[in-house]
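This report refers to the structure that appears directly beneath it.
Protein chains in written order, with UniProt numbering: chain A, 1 to 430; chain B, 1 to 430.
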């Protein structure tokens with residue numbers, strides 16, 4: 001058996017602790033699978049003495065994780081600190097430059113700097129791996145980059161953020177509205193330190209940008225991911241979705257075509273018959289379409305100590321096995337630069353929810369505006385009035401172009417009878 | 001870029017032709033991903049001149065595929081002939097002994113001789129790969145052996161045979177009985193040359209034995225897989241399943257515990273709420289459970305030119321990338337020998353369907369026999385009589401031990417009023 005692979009771990013939060021637990025508990029099994037032992041030599045975190053439920057005294061301690069890059073006895077650095085810049089980025093650059101492989105769970109880092117870091121890894125003949133950055137316990141990066149490598153892939157979509165999926169599932173299950181579920185989710189500790197990452201679709205956007213790169217061999221382009229979160233979803237939208245045969249899911253969708261690359265994260269109405277409609281709570285799921293495999297579907301826990309640490313350790317085992325190919329599965333100079341397709345060019349149907357004062361002529365004004373933009377309706381629902389005399393109107397359009405809907409809603413929002421900004425949810429017949 | 005990986009293909013049926021199509025069509029993309037070109041140098045099949053829709057004149061022809069093992073200009077041999085022995089096995093042995101990597105879609109070969117072949121591959125420092133042998137387009141071998149390598153896995157179960165899944169789906173969808181759907185499926189060409197492989201669960205058994213080995217690091221033990229097919233499933237069972245909240249699926253289930261290894265293939269009643277209940281027609285699905293990932297679920301097309309060839313080419317790309325580790329992901333001498341658990345020790349509930357003459361005392365006899373074996377019922381259904389005066393009785397037991405049900409049904413089958421052998425379907429609350 002070869003000599004041990006020596007690793008240092010930067011960050012001892014949930015995931016870092018999980019990595020240590022797995023390596024300690026499955027020592028022999030991992031050595032058998034990797035062909036060599038995995039040995040933790042050093043750890044680093046912001047607070048040395050915090051009780052983490054594990055004994056870290058057996059490992060060298062570093063106050064500054066950047067020291068790992070300089071250590072001769074470290075072959076691989078694990079980064080589970082987080083953040084797209086700062087220490088995480090410096091540690092990645094310096095570790096790779098010093099010829100150490102680098103394994104991270106940091107989606108923001110890879111979405112923003114993946115290309116640059118992959119180039120450094122390539123130039124130094126070491127591995128950059130980030131399975132844990134996307135969809136937790138689902139080995140989706142490996143499945144796409146290796147398992148489906150014979151295919152020209154055309155579409156990747158999925159539920160990429162467990163927290164918002166939990167919130168949407170709970171709204172439907174409990175009949176509570178957004179605000180109440182948000183408070184409960186906060187108390188459970190499920191939200192990122194900056195809740196905007198979850199609630200505004202940014203976390204899912206990071207993951208989608210990474211998936212696009214891996215699936216299509218295109219340069220990571222997070223800047224062109226359209227992102228819209230779940231903050232405006234009300235319980236009544238979830239109820240109307242049910243009535244219309246849909247469920248509301250926050251999806252990331254990426255498609256490559258002759259026209260370019262479409263990358264978007266937003267709430268979707270998906271048919272209840274679609275497998276992805278039944279992925280609930282903290283689970284993530286990814287659908288991958290390619291020319292020879294047709295459609296494949298992957299589901300698993302999206303976050304948490306076990307699933308995320310499992311993905312980090314799988315990457316470490318891969319590196320121990322000597323798999324140190326390109327981070328995005330093709331060399332950087334072959335990664336393509338594909339023009340983005342703007343969300344305004346989307347063709348599809350829309351669910352539209354209006355909140356208006358109940359007055360004669362409101363519906364006439366609304367429908368006239370839609371007609372002027374060439375948007376036709378297949379469904380219009382109105383069910384009684386609210387206590388304050390206002391009324392919710394729900395409409396489903398026929399297939400149309402997003403820019404027409406946007407133009408119509410802009411005019412509708414200007415009507416004096418409209419109380420809230422109209423909400424449009426894209427219908428995706430996946 | 002390194003020199004090309006030169007391959008020879010034995011077998012030009014659907015899959016062999018698919019492999020050639022992919023390599024020809026995605027030449028540049030594959031070279032980018034593999035880091036080197038993949039070059040087909042020779043092909044072999046039983047009939048040289050058959051029209052296959054592709055031009056094979058560019059490749060050397062061999063009347064005898066075994067010649068590939070001797071060729072100095074072949075790095076890797078692809079075997080898509082089929083059969084557990086004969087040419088397929090000889091070609092595997094000789095190719096590996098001659099230092100050539102070997103990629104196969106042949107589940108019978110690996111289920112029967114995987115351990116022996118893995119040892120030869122190991123001794124010669126080459127790769128033995130068989131992603132295409134299980135679940136077609138789903139990269140399940142790689143996902144388990146690499147993606148989930150950090151976990152102690154405890155269970156793998158799935159729909160592993162697309163043909164029988166198609167038949168069960170069609171019975172429910174069309175309301176036609178088994179015999180009629182069997183004829184239609186034959187006409188569509190979906191059945192193996194020996195239909196018993198599909199209908200009696202043998203094909204799924206081969207695949208399950210392979211999955212067990214990969215997931216648990218246990219020696220492949222196909223001999224101890226319990227197999228029962230779908231031949232006795234009637235439309236009325238499918239209809240009763242629906243009424244009871246279940247769907248009938250032919251599952252392979254493998255579990256590793258302190259007591260040993262349980263491997264079985266048989267029709268199951270699965271709750272309609274389980275994701276696997278909604279995997280229809282030619283799709284396969286696999287659920288993998290482990291200590292850190294919890295549960296992961298994979299779905300995709302189980303067979304056909306595209307998905308199977310995609311898996312073969314993914315293996316070839318892996319070998320081209322230099323990934324030539326152990327076939328079962330741990331070295332052969334570390335593969336464990338685990339005692340089998342007999343199906344008679346299964347604990348669970350059972351759906352039981354009887355066909356009896358409608359006479360006073362029949363139900364009393366049946367229920368007395370069950371009581372004597374300590375099998376208690378949670379449901380009993382009887383709906384009118386058949387035209388011939390016979391009647392179907394459907395029962396669902398409480399949780400019990402399989403051997404008690406077997407003993408009771410043996411006695412019940414001996415009753416003079418019983419027309420057909422009783423059918424028991426295991427209920428799996430997955």
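Using N, Cα and C, we set each Cβ at its ideal position, and we do this for glycine too.
Taking 7 Å as the CB threshold, residue 46 of chain B stays off the interface with chain A. In the three-state DSSP reduction, residue 196 of chain A falls in the helix class (H, G or I).
Cβ-Cβ distances below 6 Å link residue 77 of chain A to 8, 68, 95, 100, 102 in the same chain, with the five nearest sequence neighbours on each side left out; the list follows chain order. Within the model, the alpha-carbon separation for residue 286 of chain A versus residue 13 of chain B is close to 32 Å. Using a CB distance below 7 Å, no part of the stretch 54-87 of chain A faces chain B. By the 16-neighbour rule on beta-carbons within 10 angstroms, residue 112 of chain B is buried.
Contact of residue 138 of chain B with chain A by beta-carbon distance below 7 Å involves 296.
Of all alpha-carbon atoms in A:122, A:83, A:118, the one lying nearest the alpha-carbon of residue 106 of chain A is that of A:83. For the stretch 142-167 of chain A, residues whose beta-carbon sits nearer than 7 Å to a beta-carbon of chain B comprise 142, 143, 146, 147, 148, 149, 150, 151, 152.
The Cβ of residue 300 of chain B sits closer than 7 Å to at least one Cβ of chain A. Within the DSSP bridge table, the entry for residue 252 of chain A names A:158, A:265 as partners.
In the three-state reduction of the DSSP assignment, residue 421 of chain B falls in the strand class. In terms of CA proximity to residue 204 of chain B, B:267 leads the group B:232, B:260, B:267. Between the alpha carbons of residue 407 of chain A and residue 342 of chain A lies a distance of about 15 Å. Residue burial annotation: residue 237 of chain A is buried, with at least 16 other C-beta atoms found within 10 angstroms of its C-beta. Burial is judged here by how many other beta carbons sit within 10 angstroms of a residue's own beta carbon; residue 339 of chain A has fewer than 16 and is exposed. Per DSSP, reduced to three states, the secondary structure at residue 167 of chain B is helical.
Within the stretch 343-430 of chain A, the runs of beta strand (DSSP E) that reach at least 3 residues and sit entirely inside it are, in chain order, 347-357, 377-382, 390-397, 418-427.
Identification of residues in the stretch 105-126 of chain B having a C-beta nearer than 8 Å to some C-beta of chain A yields an empty set. The residues 251, 253, 287, in chain order, have a CB closer than 6 Å to that of residue 157 of chain B in the same chain once the five nearest residues on each side in sequence are set aside. In the DSSP assignment, residue 298 of chain A falls outside any alpha helix (DSSP H) and within the unbroken beta strand (DSSP E) covering 294-301. Taking a beta-carbon distance threshold of 7 Å, residue 390 of chain A does not count as an interface residue toward chain B.
Note on residue 89 of chain B: 16 or more other CB atoms within 10 angstroms of its CB, so buried under the neighbour-count rule. Using a Cβ-Cβ cut-off of 7 Å, residue 210 of chain A does not count as an interface residue toward chain B, since no Cβ of chain B sits closer than that to its own. Around the C-beta of residue 284 of chain A, 16 or more other C-beta atoms lie within 10 Å, and the residue is accordingly described as buried. Using a Cβ distance threshold of 7 Å, residue 375 of chain A and residue 404 of chain A count as a contacting pair. Taking 7 Å as the cut-off, the Cβ atoms of residue 332 of chain B and residue 121 of chain B do not count as close. In this structure, B:209 is the residue among B:37, B:209, B:310 with its C-alpha nearest to the C-alpha of residue 224 of chain B. As summarised for the stretch 203-262 of chain B, the continuous beta strand (DSSP E) elements at least 3 residues long and confined to that stretch are 246-257, given in chain order.
Interface flag for residue 307 of chain B against chain A is set, since a Cβ pair is found closer than 7 Å.
In this structure, residue 52 of chain A lies away from residue 19 of chain A, with their beta-carbon atoms at least 7 Å apart.
Under DSSP, the beta-bridge partners assigned to residue 286 of chain B are B:158, B:298. In chain order, 152 make up the part of chain B whose C-beta sits under 7 Å from the C-beta of residue 29 of chain A. Note that the stretch 128-138 of chain B touches the stretch 316-327 of chain B; at least 3 beta-carbon pairs, one per stretch, sit closer than 8 Å.
Residue 369 of chain A is not a Cβ neighbour of residue 401 of chain A, given a cutoff of 7 Å.
Here the C-alpha atom of residue 310 of chain B lies approximately 7 Å from the C-alpha atom of residue 137 of chain B.
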